[in-house]
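Beneath this line is the structure, given in structure tokens, with notes to follow.
Residue numbers (full-length UniProt numbering): 1 to 196.
Structure (structure tokens):
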């Protein structure tokens, strides 16, 4: 099926740019930066991952605890998600440095490894797999709040930097607010959606 004649290269480029701006706003990584949107989109998944990481750490420190036998046997915890969910998780981690090309491809994945390093103790290594024909690449250094010169982030630092994205009560936080966020109007005022 051929494209309609009105879809020129110029129109296609403008639509692509609009899609990029929209995605940046939806995931909270636009200007102005809106961590509340990032929390609502990706915070619950990040919270689940951190709960599992913390439980594994506690059980490694106290392996005699009978409630730990199941998690000590577990080598990995995996979830399957849509590209938009992967993007939401990435927005809680490294946002524009990783999402600058738009939504991840359908085969993209994120891995967060828990390490017990001799120099820093428990640390995480965050890996991103862009597509089936790519290799995992460490993105820890792009993670806000983590050392920018290392592939590892001390776990206590990672937990602290993640707190802003963890919802306390996601159902309550998703309810409409009485106060209107003026950021949408600011985007319109600066001509973000001008197609002249």
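All C-beta atoms, glycine included, are put in the ideal place defined by N, C-alpha and C.
Rounded C-alpha distance that separates residue 8 from residue 101: 21 Å
- Between residue 49 and residue 165, which are expected to be in contact by the criterion C-beta below 8 Å, what is the C-beta distance as a whole number of angstroms? About 11 Å separates the two Cβ atoms, so there is no contact after all.
Just to confirm before moving on: does the CB-CB distance between residue 139 and residue 98 stay below 8 Å? yes
Going by DSSP in three states, residue 13 sits in which element: helix, strand or coil? helix
Q: Let me know the secondary structure DSSP gives residue 6 once reduced to three states.
A: coil
Kindly indicate which three-state DSSP category residue 23 falls into: helix, strand or coil? helix
For the stretch 108-184, which segments carrying the beta strand (DSSP E) assignment without a break, of at least 3 residues, lie completely within its bounds, in sequence order? 109-117 and 121-129
Let's test the definition: count the other Cβ atoms within 10 Å of the Cβ of residue 24 and tell me whether it reaches 16, buried, or not, exposed. buried
- Query: Helix, strand or coil: how does DSSP classify residue 62 here?
  - Reply: coil
* To do: Express the C-alpha separation of residue 1 and residue 152 in angstroms, rounding to a whole number.
  => 48 Å
Check whether the stretch 10-29 touches the stretch 75-83, counting contact only when three or more Cβ pairs, one atom from each stretch, lie closer than 8 Å. no
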